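Peer 1:
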Amino acid sequence: MKGERREIFNSASVGADKCTFCKIAKGEFPSYIVFEDETYIAFLDINPFSRGHTLVCPKAHGETVWDMKEAEIGGLFLLAARVSRAVVEATGADGFRLLQNNGEAANQVVAHVHVHVIPVMMSHKGKPMDRIKFEGKEMEATSAAIRKALARA
313 MKGERREIFN SASVGADKCT FCKIAKGEFP SYIVFEDETY IAFLDINPFS RGHTLVCPKA
373 HGETVWDMKE AEIGGLFLLA ARVSRAVVEA TGADGFRLLQ NNGEAANQVV AHVHVHVIPV
433 MMSHKGKPMD RIKFEGKEME ATSAAIRKAL ARA
């Protein structure tokens, strides 16, 4: 029906008290933070598609962009664009992807709004993205390089 709001299904749906990204934003879960202010946080994905794969999130809990005001969505994507420059500089990538999923059907795994900033190399062109693992030392070095690049921006 017209005017009726359709809900987006996500079996990972939880309240803010149990949300992994809310816990990261509150400092309750460890993470490799590259940026933080009162409204947003950006940190390395622990199951990345490439070195430097960063998640940019609002600190306020909401599952999809439908749960955000337009200005908040704008702020989220402005920050994602800023972070993308730092990620590309820090990793030496040839390009990057911005990816934002809403709902389980769209492959949203954590039910908290977030934008993926995924650096890519020419060697990745035309290939499927596979998750990879990095050791803590490499994650720390990568997050430090991104923070340094952000400080210059």
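Last residue of the sequence shown: number 465 in the numbering used here, and the count goes up by one each step with no gaps.
The C-beta atom is built at its ideal place from N, Cα and C for all residues, glycine as well.
Every value quoted in this text rests on a predicted model; they were computed, and no experiment measured them.
1) Would DSSP call Met313 helix, strand or coil?
2) Buried or exposed: which applies to Phe321, given that a residue is buried once 16 or more other Cβ atoms fall within 10 Å of its Cβ?
3) Candidates Ala354, Ala457, Lys445: which alpha carbon is nearest Ser343's?
4) Pro360: buried (16+ other C-beta within 10 angstroms of its C-beta) or exposed?
5) Assign Glu382 to one of three DSSP states: helix, strand, or coil.
6) Kindly list the residues whose CB is nearer than 7 Å to the CB of Val468, restricted to its own chain and excluding five residues on each side of it in sequence; keep chain order.
7) If we count the other Cβ atoms within 10 Å of its Cβ and call it buried at 16 or more, is Ile458 buried or exposed?
8) Give me the Cα-Cα distance between Gly438 and Thr366, rounded to the nearest whole angstrom.
9) Tell me, please, whether the stretch 408 to 426 touches the stretch 317 to 336 by the rule of three or more beta-carbon pairs shorter than 8 Å.
10) With distance defined between alpha-carbon atoms, name the residue in Gly364, Asp379, Gly327 nearest to Ala398.
11) Met433 to Ala405, Cα distance in whole Å?
Peer 2: Considering the structure as presented:
1) Taking the sequence shown and counting its residues from 1, the one referred to as residue 313 is at position 1. Residue confidence for Met313 is low, a pLDDT of 45 falling below 50, so the modelled location carries little weight; the figure read from the coordinates is stated next. In this structure, Met313 counts as coil in the three-state DSSP scheme.
2) For this step, residue 321 is matched to residue 9 along the sequence shown. Classification for Phe321: exposed.
3) In the sequence shown, residue 343 corresponds to position 31, counting from 1. Measuring from the Cα of Ser343, the nearest candidate turns out to be Ala354.
4) By one-based count along the sequence shown, residue 360 stands at place 48. Classification for Pro360: buried.
5) Locating residue 382 in the sequence shown gives position 70, where the first residue counts as 1. When secondary structure is reduced to three states using DSSP, Glu382 falls in the helix class.
6) The structure shown does not extend to residue 468, since the chain is modelled only from 313 through 465, so no value can be given for it.
7) Position 146 of the sequence shown, counted from the first residue, corresponds to residue 458. Label assigned to Ile458: buried.
8) For this step, residue 438 is matched to residue 126 along the sequence shown. For this step, residue 366 is matched to residue 54 along the sequence shown. Roughly 21 Å separates the two Cα atoms.
9) Touching, yes.
10) As a working note, residue 398 is residue 86 in the sequence shown. Selected option, being the one with the closest Cα: Gly364.
11) Taking the first residue of the sequence shown as 1, we reach residue 433 at position 121. Taking the first residue of the sequence shown as 1, we reach residue 405 at position 93. Between Met433 and Ala405, the C-alpha separation is close to 5 Å.
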